[in-house]
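*Asks:* Going down the list, the protein sequences come from chains A and B.
Note that this note's numbering numbers the first sequence so that position 8 is 8, with each residue one more than the last.
Position in the second sequence counted from 1, then plus 452, gives you this note's numbering.
If you scroll down you'll find the structure; I have some questions about it.
2 protein chains.
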Amino acid sequence: MQFELTREYIEQLRNVIEKKEEEKAIAMMRELHAADIAEIYDELNIDEAKFLYLLLDGEKAADVLAELEDDDRERFLQVLPSEVIAKEFIHYMDTDDAADVLADLPEDKKDEVLSHIEDIEHAGDIVDLLEYNENTAGGLMAKEYIAVNIDWNVATCYEEIKRQAEDVDEVFQVYVINNDELLKGELTLKDLIISKQETKVTDIYIENPVSVKTKTESEEVANLMDKYDLVSLPVTDDIGRLMGQIMIDDVVDVLRDEAEKDYQMASGISEDIEPTDGVWRLTRARMPWLMIGLVGGVLGARVIGLFEGDLAKNAATALFLPLIAAMAGNVGVQSSAIVVQGLAANTIGIESVFKKIMKEISVALLNGLACALVILIYNLIFSDSLALTISVSISLFIVIIFASIFGTFVPLALNKFKIDPALATGPFITTVNDIVGLAIYLITSRIIFSLL
Amino acid sequence: MQFELTREYIEQLRNVIEKKEEEKAIAMMRELHAADIAEIYDELNIDEAKFLYLLLDGEKAADVLAELEDDDRERFLQVLPSEVIAKEFIHYMDTDDAADVLADLPEDKKDEVLSHIEDIEHAGDIVDLLEYNENTAGGLMAKEYIAVNIDWNVATCYEEIKRQAEDVDEVFQVYVINNDELLKGELTLKDLIISKQETKVTDIYIENPVSVKTKTESEEVANLMDKYDLVSLPVTDDIGRLMGQIMIDDVVDVLRDEAEKDYQMASGISEDIEPTDGVWRLTRARMPWLMIGLVGGVLGARVIGLFEGDLAKNAATALFLPLIAAMAGNVGVQSSAIVVQGLAANTIGIESVFKKIMKEISVALLNGLACALVILIYNLIFSDSLALTISVSISLFIVIIFASIFGTFVPLALNKFKIDPALATGPFITTVNDIVGLAIYLITSRIIFSLL
Chain A
1 MQFELTREYI
11 EQLRNVIEKK
21 EEEKAIAMMR
31 ELHAADIAEI
41 YDELNIDEAK
51 FLYLLLDGEK
61 AADVLAELED
71 DDRERFLQVL
81 PSEVIAKEFI
91 HYMDTDDAAD
101 VLADLPEDKK
111 DEVLSHIEDI
121 EHAGDIVDLL
131 EYNENTAGGL
141 MAKEYIAVNI
151 DWNVATCYEE
161 IKRQAEDVDE
171 VFQVYVINND
181 ELLKGELTLK
191 DLIISKQETK
201 VTDIYIENPV
211 SVKTKTESEE
221 VANLMDKYDL
231 VSLPVTDDIG
241 RLMGQIMIDD
251 VVDVLRDEAE
261 KDYQMASGIS
271 EDIEPTDGVW
281 RLTRARMPWL
291 MIGLVGGVLG
301 ARVIGLFEGD
311 LAKNAATALF
321 LPLIAAMAGN
331 VGVQSSAIVV
341 QGLAANTIGI
351 ESVFKKIMKE
361 ISVALLNGLA
371 CALVILIYNL
381 IFSDSLALTI
391 SVSISLFIVI
401 IFASIFGTFV
411 PLALNKFKID
421 PALATGPFIT
431 TVNDIVGLAI
441 YLITSRIIFS
451 LL
Chain B
453 MQFELTREYI
463 EQLRNVIEKK
473 EEEKAIAMMR
483 ELHAADIAEI
493 YDELNIDEAK
503 FLYLLLDGEK
513 AADVLAELED
523 DDRERFLQVL
533 PSEVIAKEFI
543 HYMDTDDAAD
553 VLADLPEDKK
563 DEVLSHIEDI
573 EHAGDIVDLL
583 EYNENTAGGL
593 MAKEYIAVNI
603 DWNVATCYEE
613 IKRQAEDVDE
623 VFQVYVINND
633 ELLKGELTLK
643 DLIISKQETK
653 VTDIYIENPV
663 SVKTKTESEE
673 VANLMDKYDL
683 VSLPVTDDIG
693 RLMGQIMIDD
703 VVDVLRDEAE
713 KDYQMASGIS
723 EDIEPTDGVW
733 RLTRARMPWL
743 MIGLVGGVLG
753 ARVIGLFEGD
763 LAKNAATALF
773 LPLIAAMAGN
783 VGVQSSAIVV
793 QGLAANTIGI
803 ESVFKKIMKE
813 ISVALLNGLA
823 CALVILIYNL
833 IFSDSLALTI
843 SVSISLFIVI
853 IFASIFGTFV
863 PLALNKFKID
873 PALATGPFIT
883 TVNDIVGLAI
893 YLITSRIIFS
903 LL
């Protein structure tokens, strides 16, 4: 049953914890999924959470640990002895979760925990997984999967599944390998069930399944599983030997994190934060962009300062400074967002950079004309100065085209150099466009005012 | 095998199509997944795509149709007679995909297609699904699932799975219902395989699985499946009868669309667009925000206009107009992004609105102080005017606090009134903050200049 966390529930639980009523606390958590308990922990202080934690049995405690936010988990693990971590938690965890937990520990503590794992095969699998970069298929995969030999029949597959079922929680399909452990295909449990016991694997397996190498980047893994609607994905080494499998739920997290990161960067937030994080963390995550914005603003002020004489003569020019800067920023953010999103979702298309920029220029021409026209009509009605009217429209048009090209080009270029293009969307493009926009406006105004 | 779309491949294919070499075209597509073919279609014009499409056999053609972008699909269906749509495509589709395709057709064409579906049960299921709002669990679910009776044993389950296997492509688990069709639990295929034939369902099934009602919103469905790491989710009616199942791959699309939509709104893009869309569509999607920004800019100009006399006297005041407006916008976007993301990912926490705003004020005080201090030091060194120096710092501080509160409050309020809070992040908050920021700065300056 799903569970909705309420303030009443937390208050009630806090009460129970304060009075140290263990039985009641256990009863309150009995029906809950590990993910729910992890959510509850988020709302408690470390002592309250620890009290609850020690009431959980091994398997549940391990599941909760796997579900916790990274920082909450670190705080927990710091106060626990290595032996407890190994025997109470890692022992019950799948290899991928175990590797994630261990990867966050300091080097010496990690080794200590590993030395306390009793099941050497389990420990070996975890050590293998720790070798992979966490942003690759190797870092995402688990060693828990079921493989059957291509020479077997359905009955033998059944035996193998029964033999391995203890170690593997979720089985949706089994992988077909040959004697050299090379991945040859897949077999769904459904096909096993509907086939006769003597049917050969070769008659029912799916050849050439989608697979990735251990070093494939997680973003590509996520895109592949999304595109081909896969629930699990086999991972091989460079010569095609089956090394592990990735489940869709791990990839959902990758997709979500990726999307959140892009969104946060576009919004000028530099760390992965949540509304429940502390004041200091929230402040720190927001400070960098504000400082970049401030520097941009100061540079903008310098640019305007070069034209202070013009402004003293034609004070009305100042009215449209924020408009020009804002439009430059807006257009730049739009352009870069389209590129960033296209790159992330792999829908960027295969046309050349030149064609992409030409298309962007077409869009910019249309948008620029429309905006310039609207502001022209407004100023023709409301402004006394023809020079100002013309200056604003012409410079707005130029600014929109510049900002579009710049906003399209920068993320494409960053991507080319393997730098996360999302970095560009927020502060950088906005700030540069603001400054360049102001310069374009003030130069155009000086020229027009001197002509008219 | 996965497939990477290249410009070379498209050119080669175009060549083959131009020469009407059917055999070669079929050979080029033989190994491809429906999702790959759909991707290829994106790069072709309608005639080229149609040529290829008619070469595909029924099942593959139906799969491709399900994978196509909505607008591409609409273009295709417009040129096809209803009978062909019913017999060549809908016939091979799962009910959820079929309902999605039919939902996009005009009312009379939809009825015509439905009347041509030969399998009445299939048609009935599709009609049932068409009743549900597409943003609810009912709109996401498929009628293809396998249910077993709680009174059966494993052997009977096997028979049922074999009987239904023809209709259901992917089976990861079966649902357990009672004689009234009420959902009682779930049973994984793995548990079926490792159990003896005479084992009773009641001995191995999982009671009280996570489930949703047909009217549950898709965003909540996605959050539940993500949180509990589910691969499939049963859907019931209000009294608990099993109505359908939702698969994780459909929900991945919901999550992705949701994240993309939020990102696009934050970037000022008002329609769901991709870099490969046409110039006109891209322009149209970007125009609304630019117009809102323009109106905001004009209102800002009006506000500044009220202080034109002050600006003529102290032209240097104009230098910091864009800085103040930009910082107000930045801070507002940051604040609202944190709320929007927290609401979307359901990590907003359970503290009251008052507490959320108090926390935001604490963050704003820290950020505001830091920014005000930095600009104070800059101006003390570089500015001749003490009044300006003081005005900029004081108003920046006030503006940051105002923008933070406003940026936090608006999405929370929108959410309360069931309006998508992501609407707020982009244009609205930025524009209002810009204008208010300018007013705060100019009023503060007038006061300070009159005092010093």
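All C-beta atoms, glycine included, are put in the ideal place defined by N, C-alpha and C.
May I ask you to verify whether the stretch 734-741 of chain B touches the stretch 660-667 of chain B, counting CB pairs closer than 8 angstroms and requiring at least 3?
*Replies:* As far as the Cβ criterion goes, the stretch 734-741 of chain B does not touch the stretch 660-667 of chain B, which means the pair count is below three.
*Asks:* Have a look at A137/A and F858/B and give me their C-alpha separation to the nearest angstrom.
*Replies:* Indexing the first sequence from 1 puts residue 137/A at position 137. Indexing the second sequence from 1 puts residue 858/B at position 406. Their Cα atoms are separated by approximately 42 angstroms.
*Asks:* Ends of the alpha helix (DSSP H) at A477/B?
*Replies:* Taking the first residue of the second sequence as 1, we reach residue 477/B at position 25. That run of the alpha helix (DSSP H) goes E474 to M481.
*Asks:* Would you tell me roughly how many angstroms separate the C-alpha atoms of V279/A and V600/B, rounded to the nearest one?
*Replies:* Indexing the first sequence from 1 puts residue 279/A at position 279. Indexing the second sequence from 1 puts residue 600/B at position 148. Distance between the alpha carbons of V279/A and V600/B: 52 angstroms.
*Asks:* State yes or no: is the beta carbon of D701/B nearer than 8 angstroms to at least one beta carbon in chain A?
*Replies:* Position 249 of the second sequence, counted from the start, is the residue given in the question as residue 701/B. D701/B counts as touching chain A.
*Asks:* If you measure beta-carbon to beta-carbon, which residues of the stretch 646-671 of chain B are closer than 7 angstroms to chain A?
*Replies:* Listed in sequence order: I646, N660 and V662.
*Asks:* Is Y441/A helix, strand or coil when you go by DSSP?
*Replies:* Within the first sequence, residue 441/A is the residue found at index 441, counting from 1. In the structure shown, Y441/A sits in a helix (DSSP, three-state: H, G or I).
*Asks:* Taking the straight line between their C-alpha atoms, what separation do you get for L825/B and S847/B?
*Replies:* The residue labelled residue 825/B in the question sits at position 373 within the second sequence. The residue labelled residue 847/B in the question sits at position 395 within the second sequence. About 12 angstroms.
*Asks:* M291/A lies in the alpha helix (DSSP H); which residues open and close that run?
*Replies:* Reading the first sequence from its first residue, position 291 is the one you call residue 291/A. Here the alpha helix (DSSP H) through M291/A covers V279 to G305.
*Asks:* Excluding the 5 residues preceding and the 5 following C823/B in the sequence, name in chain order all residues of the same chain whose CB lies nearer than 8 angstroms to its CB.
*Replies:* The residue given as residue 823/B occupies position 371 in the second sequence. Closer than 8 angstroms at Cβ, skipping near neighbours: M779, L848, F849 and I852.
*Asks:* For a quick check, are the C-beta atoms of V210/A and L233/A less than 8 angstroms apart?
*Replies:* Working through the first sequence from its first residue, we reach residue 210/A at position 210. Working through the first sequence from its first residue, we reach residue 233/A at position 233. Yes, these two residues count as a Cβ contact at 8 angstroms.
*Asks:* Confirm, please, whether the CB-CB distance from A25/A to I17/A is below 8 angstroms.
*Replies:* Locating residue 17/A in the first sequence gives position 17, counting from the first residue. Locating residue 25/A in the first sequence gives position 25, counting from the first residue. Yes, these two residues count as a Cβ contact at 8 angstroms.
*Asks:* What does the alpha-carbon distance come out to for the pair L506/B and E473/B?
*Replies:* As a working note, residue 506/B is residue 54 in the second sequence. As a working note, residue 473/B is residue 21 in the second sequence. Whole-angstrom Cα-Cα distance: 13 angstroms.
*Asks:* Under 7 angstroms, CB to CB, which of the residues in the stretch 692-721 of chain B have a partner in chain A?
*Replies:* The stretch 692-721 of chain B vs chain A, Cβ under 7 angstroms: I700, D701, V704, L707, R708, A711, E712, D714, Y715, Q716, A718, S719, G720 and I721.
*Asks:* Is DSSP giving M247/A helix, strand or coil here?
*Replies:* Counting from one through the first sequence, the residue named residue 247/A turns up at place 247. Strand, per DSSP.
*Asks:* Would you please state the rounded distance, in angstroms, between the beta carbons of S804/B and A855/B? I believe it to be under 8 angstroms.
*Replies:* Residue mapping note: residue 804/B aligns to position 352 of the second sequence, counting from 1. Residue mapping note: residue 855/B aligns to position 403 of the second sequence, counting from 1. 22 angstroms between Cβ atoms; not a contact.
*Asks:* Between I578/B and A538/B, how many whole angstroms is the CB-CB distance? I'm expecting something under 8 angstroms.
*Replies:* As a working mapping, residue 578/B is identified with position 126 in the second sequence. As a working mapping, residue 538/B is identified with position 86 in the second sequence. Not confirmed; about 10 angstroms, so no contact.
*Asks:* Could you tell me whether the stretch 179-196 of chain A touches the stretch 226-246 of chain A, where touching means 3 or more Cβ pairs closer than 8 angstroms?
*Replies:* Yes, they touch.
*Asks:* Let me see if you follow: with CB-CB separation under 8 angstroms, is Q12/A close to chain B or not?
*Replies:* Here residue 12/A refers to the residue found at position 12 when the first sequence is read from its first residue. False, the Cβ-Cβ gap to chain B never drops below 8 angstroms.
*Asks:* Under a CB-based cut-off of 8 angstroms, is W289/A close to chain B?
*Replies:* Walking along the first sequence from the start, residue 289/A turns up at place 289. For W289/A, the answer is yes, since a Cβ of chain B falls inside 8 angstroms of its Cβ.
*Asks:* In terms of residue numbering, what span does the alpha helix (DSSP H) encompassing E638/B cover?
*Replies:* The residue given as residue 638/B occupies position 186 in the second sequence. Run containing E638/B: none in the alpha helix (DSSP H); it sits in the beta strand (DSSP E), L635 to T640.
*Asks:* Once the 5 residues before and after L438/A are set aside, which same chain residues still bring their CB inside 7 angstroms of it?
*Replies:* Start at 1 with the first residue of the first sequence, and residue 438/A comes out as number 438. Cβ within range, chain order: G300, V303, I304, L321, I324 and A325.
*Asks:* Mind pulling the alpha helix (DSSP H) runs of 4 or more residues that sit fully within the stretch 569-607 of chain B?
*Replies:* As far as the stretch 569-607 of chain B is concerned, its whole alpha helix (DSSP H) runs of at least 4 residues are 572-582 and 589-592.
*Asks:* Determine the contact status of V785/B and I881/B, defining contact as a CB-CB distance below 8 angstroms.
*Replies:* Taking the first residue of the second sequence as position 1, residue 785/B is located at position 333. Taking the first residue of the second sequence as position 1, residue 881/B is located at position 429. A contact, by the Cβ cut-off of 8 angstroms.
*Asks:* How big is the Cα-Cα spacing for V251/A and V703/B?
*Replies:* Residue mapping note: residue 251/A aligns to position 251 of the first sequence, counting from 1. Residue mapping note: residue 703/B aligns to position 251 of the second sequence, counting from 1. Approximately 12 angstroms, taken between the alpha carbons.
*Asks:* Tell me which same chain residues have a C-beta within less than 7 angstroms of the C-beta of K453/A, skipping the five on either side of it?
*Replies:* Residue 453/A lies beyond the residue range present for chain A, which begins at 1 and ends at 452; the question has no answer from this structure.
*Asks:* Would you kindly work out how many angstroms separate the C-alpha atoms of L415/B and I348/A, rounded to a whole number?
*Replies:* The structure shown does not extend to residue 415/B, since chain B is modelled only from 453 through 904, so no value can be given for it.
*Asks:* List the whole-angstrom C-beta distance separating T425/A from D42/A, where the pair is believed to meet the contact cut-off of C-beta under 8 angstroms.
*Replies:* Taking the first residue of the first sequence as position 1, residue 425/A is located at position 425. Taking the first residue of the first sequence as position 1, residue 42/A is located at position 42. Not really, about 29 angstroms apart at Cβ, beyond 8 angstroms.
*Asks:* With a threshold of 8 angstroms, are at least 3 pairs of Cβ atoms found where one atom belongs to the stretch 572-586 of chain B and the other to the stretch 527-547 of chain B?
*Replies:* Contact between the stretch 572-586 of chain B and the stretch 527-547 of chain B is present, because at least three Cβ pairs lie under 8 angstroms.
*Asks:* Against chain A, with Cβ distances strictly below 8 angstroms, would S845/B count as a contact?
*Replies:* Numbered from 1 along the second sequence, position 393 holds the residue referred to as residue 845/B. It does not; no Cβ of chain A falls within 8 angstroms.
*Asks:* Taking the beta strand (DSSP E) that Y461/B belongs to, which residues open and close that run?
*Replies:* Your numbering for residue 461/B matches position 9 in the second sequence. Per DSSP, Y461/B belongs to no beta strand (DSSP E); it is in the alpha helix (DSSP H), R459 to E470.
*Asks:* Any residues in the stretch 23-45 of chain A with a beta carbon nearer than 7 angstroms to a beta carbon of chain B? Which ones, in chain order?
*Replies:* The residues in question are H33, A35 and E43.
*Asks:* Can you find a C-beta in chain A that's less than 8 angstroms from the C-beta of K512/B?
*Replies:* Residue numbering aside, residue 512/B sits at position 60 when the second sequence is read from its first letter. Judged by the 8 angstroms Cβ criterion, K512/B is not in contact with chain A.
*Asks:* For S804/B, name the three-state secondary structure that DSSP assigns.
*Replies:* Here residue 804/B refers to the residue found at position 352 of the second sequence. S804/B falls in the coil class under three-state DSSP.
*Asks:* Which residues in chain B sit within 8 angstroms of T236/A, going by Cβ to Cβ distance?
*Replies:* Numbered from its first residue, the first sequence carries residue 236/A at position 236. Here the premise fails: no neighbours, minimum Cβ distance about 12 angstroms.
*Asks:* List, in order along the chain, the chain B residues whose C-beta lies closer than 8 angstroms to that of I273/A?
*Replies:* Position 273 of the first sequence, counted from the start, is the residue given in the question as residue 273/A. Under the 8 angstroms cutoff, chain B gives I790.
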